[in-house]
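**Student:** What follows is a structure written as structure tokens; I'll ask about it next.
In the working numbering, the protein residues as written are 107 to 276.
What follows is the structure in structure tokens.
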């Protein structure tokens with residue numbers, strides 16, 4: 107996922123090629139590399155700092171498998187920081203990932219300041235029920251299993267060539 111200079115479409119033109127995050131496409135493999143004590147922490151429900159990293163990797167993996175290009179936003183001052191940015195219908199969509207049902211302060215700050223950041227759609231994926239706020243929707247982590255790649259319609263579905271004339275061979 108590449109950091110972006112601004113929250114504007116298209117994100118590719120705003121990406122900073124030297125600033126990126128790397129995620130593991132296989133979250134199970136990532137978890138196996140996090141230490142020998144992690145299985146017991148998972149079973150006890152005491153993941154602590156691991157919980158957020160695992161949840162963020164799950165979100166990145168699900169969107170990457172669906173064919174999405176991943177971006178994020180992190181201002182040099184450190185705040186706001188948005189977990190993921192996607193493109194939908196020529197708009198930027200903010201995706202915040204919360205391992206618990208936390209507030210998503212950065213996302214709400216950006217949505218509350220459209221003059222500075224632009225108007226955006228937003229989604230919060232969290233350990234929570236379906237819900238939302240004024241400008242965003244909230245979905246539980248398990249919806250990641252239902253993310254599918256959107257089939258993009260062909261730009262030209264049918265070309266009628268009957269009106270073309272073949273030049274004579276003279």
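Idealized CB from N, CA, C, for every residue including glycine. Fair warning: this is a prediction, and the values are worked out from it, not measured in the lab.
1) Just reading off the beta strand (DSSP E) that residue 232 is part of, what are its end residues?
2) Whole angstroms are fine: how far does the CA of residue 220 sit from the CA of residue 182?
3) Leaving out five residues before and five after residue 213 in sequence, what residues of the same chain have Cβ atoms less than 7 Å from its Cβ?
4) Fully enclosed by the region 186-248, which beta strand (DSSP E) runs are 3 residues long or longer?
5) Closer than 7 Å by C-beta to residue 225: which residues in its own chain qualify, once you throw out the five before and the five after it? Chain order, please.
6) Can the beta-carbon of residue 216 be found closer than 8 Å to that of residue 117?
7) Cα separation between residue 177 and residue 235?
**Tutor:** So, to answer that:
1) 227-232
2) 19 Å
3) 188, 200, 202, 228, 230, 242
4) 187-194, 197-204, 227-232, 242-246
5) none
6) no
7) 25 Å
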